[in-house]
Amino acid sequence: MQKKHKLYVGTNLKMFKTAAQTAAYISKLRENIADILAEQRANVFVIPSFLAIESAQKAAAQNGLRIGAQNMSWLDEGEHTGEVSPVMLEEFGIGLIELGHSERRNVFGETDEMLGKKVCAGLAHNFTVLLCVGENAAVRDAGQSDEFIRAQLEKGFQDVAPENARRIWVAYEPVWAIGVAGVPAAPDYIAARHAGIAAALADIFGARSADIPILYGGSVNAQNAREYYAQDHVDGLFIGRAAWDANNFDGIIRDLLNG
Ligand code: PGA
């Protein structure tokens, strides 16, 4: 299948794996996919917990496996107990920040306005920003998904200049498809939402939107990955549970590359 981007494939480890477990996982993954990384056949990334970032970076050994952070404050410093700032993350040499995962939005109350500030802060500190969007089941059932996702994108990128598009990735993750309680989405449903996202990004960024990869996430596994990636406007996959074992993740990546 012809794709305009090189495959993007990554995992968010959520609040799983300690620093030592993350390092072991990444060492194994790096070994497994050494050929793919050496030949730069895919953009592979792992997003561990904050405390595991340092050991993850060491284990990745700068050989092409990108490490990211799961969240970030929009402020450089301040009286904000429990927050982690972009300046602190910069020290670890990571290049990628995930923002707006549905668990951040729904469990920790992050709003589109907050995420708009985080996106700007991430870009100002030269990170690549991966913004997650997606509707819940009520919005889907009301037939409002495209409008809802468009609003998340418009607010999240409201103060972003088009030339920053090359440092933006988007992940579409329907809330109802994520995690142990998630129901895998139908491929044609995903294709329709990704087409809507591509159209929204074109309205926001103009021609520069072509630089932005759109990843799909939500109950991706070894059985459905290939079919999901085969959909138009799906530039990669953002995987949770099915990627937390290095052998499984390796298998999925190879399957996608051989598709
Ligand atoms: P899952 O998680 O693949 O375990 O459903 C996806 C995500 O939350 O990004």
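Following our numbering, the numbering of the sequence shown begins with 114 at its first residue and continues without gaps. Note that beta-carbon positions come from the ideal geometry of N, C-alpha and C, so glycine has one too.
Please report how far the alpha carbon of Asn334 lies from the alpha carbon of Ala136, in whole angstroms. Straight through space, the alpha carbons of Ala136 and Asn334 are spaced by roughly 23 angstroms.
Pick from Ala182, Arg253, Asn360 and Ala274: whose alpha carbon is nearest that of Ala305? Measuring from the Cα of Ala305, the nearest candidate turns out to be Arg253.
Go to Ala264, then tell me how far its alpha helix (DSSP H) extends in each direction, as first and last residue. Per DSSP, the unbroken alpha helix (DSSP H) holding Ala264 starts and ends at Ser258 to Gly269.
So, with DSSP's three-state summary, where would you put Ala315? Here Ala315 sits in helix by DSSP.
Is Glu248 a contact residue of the ligand PGA, with contact defined as CB to any heavy atom under 7 angstroms? Answer for Glu248: no, Cβ out of range of the ligand PGA.
Give the secondary structure of Glu211 by DSSP, where H, G and I count as helix, E and B as strand, and everything else as coil. Reduced to three states, the DSSP call for Glu211 is strand.
CA-to-CA distance, Thr131 to Ser162, given in whole angstroms: Straight through space, the alpha carbons of Thr131 and Ser162 are spaced by roughly 8 angstroms.
Given 7 angstroms as the limit, tell me if Val347 has its C-beta closer than that to any heavy atom belonging to the ligand PGA. Exclusion of Val347 from the 7 angstroms shell around the ligand PGA follows from its C-beta lying no nearer than that to any non-hydrogen atom of the ligand.
Extent of the continuous beta strand (DSSP E) to which Gly349 belongs: Start and end: Gly349 to Ile352.
Count the other CB atoms, across all protein chains shown, that sit within 10 Å of the CB of Gln336; report buried if there are 16 or more and exposed otherwise. By the C-beta density criterion, Gln336 is exposed, having fewer than 16 other C-beta atoms within 10 angstroms.
Anyone know if the C-beta pair for Ile160 and Glu211 falls short of 8 angstroms? Going by C-beta atoms, Ile160 is nearer than 8 angstroms to Glu211.
State the DSSP-derived secondary structure class of Val197, mapped to helix, strand or coil. For Val197, the secondary structure class from DSSP, reduced to helix, strand or coil, is coil.
Which whole runs of the beta strand (DSSP E) in the segment 142 to 193 are 3 residues long or more, in chain order? Listed in chain order, the complete beta strand (DSSP E) runs (minimum 3 residues) inside the segment 142 to 193 are 155 to 160 and 179 to 182.
Terminal residues of the continuous beta strand (DSSP E) containing Leu243? Looking at the DSSP string, the run of the beta strand (DSSP E) that includes Leu243 is Thr241 to Val246.
Rounding to the nearest angstrom, what Cα-Cα distance links Asp324 and Arg279 in this structure? The C-alpha of Arg279 is placed about 5 angstroms away from the C-alpha of Asp324.
Measuring alpha carbon to alpha carbon, tell me which residue in Asn277, Gly330, Ala343 and Arg339 is nearest Ala320. Of Asn277, Gly330, Ala343 and Arg339, the residue nearest in Cα terms is Asn277.
Quick check: the segment 348 to 363 against the segment 224 to 239, are at least 3 beta-carbon pairs closer than 8 angstroms? Contact between the segment 224 to 239 and the segment 348 to 363 is absent, because fewer than three Cβ pairs lie under 8 angstroms.
Is it true that the CB of Tyr285 sits closer than 8 angstroms to the CB of Gly256? Between Gly256 and Tyr285, the C-beta spacing is not below 8 angstroms.
Cβ atoms of Ala151 and Lys119: under 8 angstroms apart, would you say? The criterion of a C-beta distance shorter than 8 angstroms is not satisfied by Lys119 and Ala151.
Leaving out the 5 sequence neighbours to the left and right, which residues in its chain are closer than 8 angstroms to Arg143 when beta-carbon positions are compared? Taken in chain order, the residues that qualify are Leu150, Ala172, Ala173, Ala174, Asn176 and Leu178.
Which class does Asn334 belong to by DSSP, given the choice of helix, strand or coil? In the displayed model, Asn334 falls within coil according to three-state DSSP, outside both helix and strand.
Below 6 angstroms CB to CB, which residues in the same chain sit around Gln183 once its five sequence neighbours on both sides are set aside? Once the five neighbours on either side are set aside, the close Cβ partners of Gln183 are Ile160 and Glu211.
Asp363 versus Asn145: straight-line alpha-carbon distance, rounded: Taking the straight line joining both Cα atoms gives about 7 angstroms.
Provide the residue span of the alpha helix (DSSP H) that contains Val252, from first to last. Looking at the DSSP string, the run of the alpha helix (DSSP H) that includes Val252 is Ala250 to Asp254.
Quick one: what does DSSP say Trp357 is sitting in, helix, strand or coil? If DSSP states are grouped into helix, strand and coil, Trp357 belongs with coil.
Based on the DSSP output, what are the partners of Asn277 in its beta bridges? Note: Asn277 sits in no beta bridge, so no partner.
Around the Cβ of Thr194, are there at least 16 other Cβ atoms within 10 angstroms (buried) or fewer (exposed)? Under this definition Thr194 is an exposed residue.
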